[in-house]
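Per my numbering, residue -8 is the first one in the sequence shown, and the count goes up by one each step. In this text, a Cβ means the ideal position worked out from N, Cα and C, and glycines have one as well. Everything on this sheet refers to the single structure shown next.
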Amino acid sequence: MLRLLLLRHAKAAPHDPAHDHGRGLVGRGRDDAKRMGKFIAREKRAVEAAVHSGARRAKETAQIVLAELPIKVPVSVEPRFYEATTAGFIEALRDLPEAAKTVLVVGHNPSLAEAAHLLADGGDKDAMRRMATKFSTCSLAAIDFDLAHWAEISAASGRLVAFVTPASLDGAD
-8 MLRLLLLRHA KAAPHDPAHD HGRGLVGRGR DDAKRMGKFI AREKRAVEAA VHSGARRAKE
52 TAQIVLAELP IKVPVSVEPR FYEATTAGFI EALRDLPEAA KTVLVVGHNP SLAEAAHLLA
112 DGGDKDAMRR MATKFSTCSL AAIDFDLAHW AEISAASGRL VAFVTPASLD GAD
């Protein structure tokens, strides 16, 4: 079984088309990423690898989240997760590290949210409803696949087991 943790980067500085790749996190984003890291650390399955797009806000989100985990997790950069189409995002997921059965991917909307919707064929109904409503910054979709290899993932091949937002960590979602 594979578990994919799709995490949208945390709240970043306002959009600037000329410097989009270099936008960093704001204070709220750093706080949300730390809280999300603590949540992931409490889960039963350890993250075995992490991948981010290479954009500063995705890298910073990954670093803050991973700093909260009890073990050091190998991190790689996958530029295809930056400004990807949904199809391109899924294709990049098929190249995730084969040895890792639980992988955290930190990316961007709209491709990250669209990929989550495309991959999850059912699962937790409340989580599906909340994910369909809004995939806000620093939100996390956990999708399980009854597959042996990342290369096998395809549309509707996963099951959404959780959708967590920073607000839901406060009990306000």
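The segment 19 to 30 / the segment 144 to 161 touching (three or more Cβ pairs under 8 Å): A contact exists between the segment 19 to 30 and the segment 144 to 161.
Under the three-state DSSP convention, the category residue 84 falls into: Helix.
Anticipated Cβ contact below 8 Å, residue -5 with residue 96, distance rounded: With a Cβ gap of about 7 Å, residue -5 and residue 96 count as contacting.
Touching by the beta-carbon criterion (3+ pairs, under 8 Å), the segment 46 to 62 and the segment 104 to 114: Contact check between the segment 46 to 62 and the segment 104 to 114: fewer than three CB pairs, one atom from each, fall below 8 Å, which does not count as touching.
Same chain, Cβ closer than 8 Å to residue 115, five either side skipped, listed in chain order: 151, 152, 153, 154
As assigned by DSSP and simplified to three states, the class of residue 6: coil
Residue 34 versus residue 89: straight-line alpha-carbon distance, rounded: 22 Å
Cβ pair residue 128, residue 41 closer than 9 Å: no
Beta-bridge pairing of residue 93 - partner residues as DSSP gives them: -6
In chain order, each beta strand (DSSP E) run of at least 3 residues that lies wholly inside the segment 10 to 52: 40 to 43, all fully within the segment 10 to 52.
Between the CA atoms of residue 78 and residue 131 - distance to the nearest angstrom: 20 Å
Outcome for residue 18 when other beta-carbon atoms lying within 10 angstroms are tallied against a minimum of 16: exposed
Buried/exposed call for residue 3, threshold 16 Cβ in 10 Å: buried
Contact check, residue 94 vs residue 59, beta carbons under 9 Å: no
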